[in-house]
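Residues in the sequence shown are numbered from 1 upward in steps of one, following UniProt numbering.
Worksheet: one structure, shown below.
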Amino acid sequence: MAKYFVGDIQGCYAELARLLDAVRFDPAKDTLWGCGDLIARGPGSLKVLRLFRELGPAGRTVLGNHDLHLMAVAAGLKRSKPKDQLQALLDAPDLADHIHWLRQQPLLKHFRKRAVLLSHAGLPPHWSLTTALQRAQAVSDTLKQDNYLHFIRQMYGEKPDCDTPTLSPLEQQIYTVNALTRMRFLHPDARLDFACKTGPEHSMGLVPWFRYPGHILLQSHRVVFGHWAALEGRCDHPNGRALDTGCCWGGSLTLWRMKDEQYWHQPPLTDIEPN
Numbered sequence: 001m002a003k004y005f006v007g008d009i010q011g012c013y014a015e016l017a018r019l020l021d022a023v024r025f026d027p028a029k030d031t032l033w034g035c036g037d038l039i040a041r042g043p044g045s046l047k048v049l050r051l052f053r054e055l056g057p058a059g060r061t062v063l064g065n066h067d068l069h070l071m072a073v074a075a076g077l078k079r080s081k082p083k084d085q086l087q088a089l090l091d092a093p094d095l096a097d098h099i100h101w102l103r104q105q106p107l108l109k110h111f112r113k114r115a116v117l118l119s120h121a122g123l124p125p126h127w128s129l130t131t132a133l134q135r136a137q138a139v140s141d142t143l144k145q146d147n148y149l150h151f152i153r154q155m156y157g158e159k160p161d162c163d164t165p166t167l168s169p170l171e172q173q174i175y176t177v178n179a180l181t182r183m184r185f186l187h188p189d190a191r192l193d194f195a196c197k198t199g200p201e202h203s204m205g206l207v208p209w210f211r212y213p214g215h216i217l218l219q220s221h222r223v224v225f226g227h228w229a230a231l232e233g234r235c236d237h238p239n240g241r242a243l244d245t246g247c248c249w250g251g252s253l254t255l256w257r258m259k260d261e262q263y264w265h266q267p268p269l270t271d272i273e274p275n
């Protein structure tokens, strides 16, 4: 019985299927966890979501920024970008079922026995385990409510970029979304930076979140994350596991097995079929 984690799939269905075949994934005993951003940019977003749902309890994910954005696009609150290749998914007769399934997925998953935390983008350096779990759960509870679109309408923007005691409950949830699904670099005062998407070598005075001094949870847990293709799977913190290797940008799709930390990498396939 193995737990596998896959980096940002972003609609790269053919590569995902090849990886699952390579490890002889068995949904009767294995579990597949996505690092978020299951959809967008690649041509197989609809197939990816259908696969995860067909896996039942064996297919789970934490939510990424693209997964949340899909909720807004599906509700007509935002426009779909052509480069996201989402039209087949948006036209699918089971779109509402996919949105409902995504709304049930967490923003953060704690694997207690292995001291592993899974988040799409990472974790703020000042959060304790209790704070991280409570903040993520608050957003999950909101997304499961019938009026979740009220929150989706308000979650966009670059404020708040700092977690302070004066934040309202709504502002706390927006900060949580920004941190767990969008974070890469931090300013020296721990404010989130949303502009820089390069690798750490071009950060211009910013600090990668996993290098921030005194990061609490990285001292006690392995943190598995995606979102940052420019890292190319490299994280120089011994407890960081970066799995976004940019398959949709010409990199590869990466699968990681928790029990023995083995990796599999699948380069892009040229025979990808459209949705």
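From the three backbone atoms N, C-alpha and C, an ideal C-beta is built for every residue, glycine too.
Being a predicted model, the structure only gives us computed values, none of them experimental.
With a threshold of 16 other CB atoms inside 10 Å of the CB of residue i, please say whether the residue is buried or exposed.
i	result
residue 258	buried
residue 252	buried
residue 126	exposed
residue 208	buried
residue 220	exposed
residue 266	buried
residue 201	exposed
residue 1	exposed
residue 15	buried
residue 271	Annotation note: pLDDT 46 at residue 271 (below 50); position unreliable, no value reported.
residue 130	exposed
residue 124	buried
residue 254	buried
residue 112	exposed
My understanding is that residue i touches residue j, with C-beta atoms under 8 Å, so please give their C-beta distance in whole angstroms.
i	j	result
residue 72	residue 227	Not quite, the Cβ-Cβ distance comes to about 18 Å (not below 8 Å), so this is no contact.
residue 48	residue 11	6 Å
residue 192	residue 183	6 Å
residue 162	residue 190	7 Å
Taking C-alpha atoms, which residue in the options lies nearest to residue i?
i	options	result
residue 217	207, 204 and 238	238
residue 76	56, 29 and 153	153
residue 248	173, 19, 43 and 27	43
residue 140	115, 202, 172 and 189	172
residue 268	5, 117, 4 and 19	19
residue 74	149, 41, 115 and 106	149
residue 212	235, 188, 232 and 194	188
Exercise. For the UniProt domain "Calcineurin-like phosphoesterase" (5 to 128), which segments carrying the beta strand (DSSP E) assignment without a break, of at least 3 residues, lie completely within its bounds, in sequence order?
Worked result: Here the runs fully enclosed are 31 to 34, 59 to 61, 108 to 111 and 116 to 119.
For this session: Inspect the CB distances between the segment 218 to 233 and the segment 35 to 53 and report whether three or more fall short of 8 Å.
Result: Touching, yes.
For this session: Report yes or no: do three or more beta-carbon pairs, one from the segment 50 to 65 and one from the segment 94 to 102, lie closer than 8 Å?
Result: Yes, since at least three Cβ pairs between the segment 50 to 65 and the segment 94 to 102 fall closer than 8 Å, the two stretches touch.
Problem set entry | Every unbroken alpha helix (DSSP H) inside the segment 148 to 207 [4 residues or more] | Runs of the alpha helix (DSSP H) inside the segment 148 to 207: 148 to 154 and 169 to 182.
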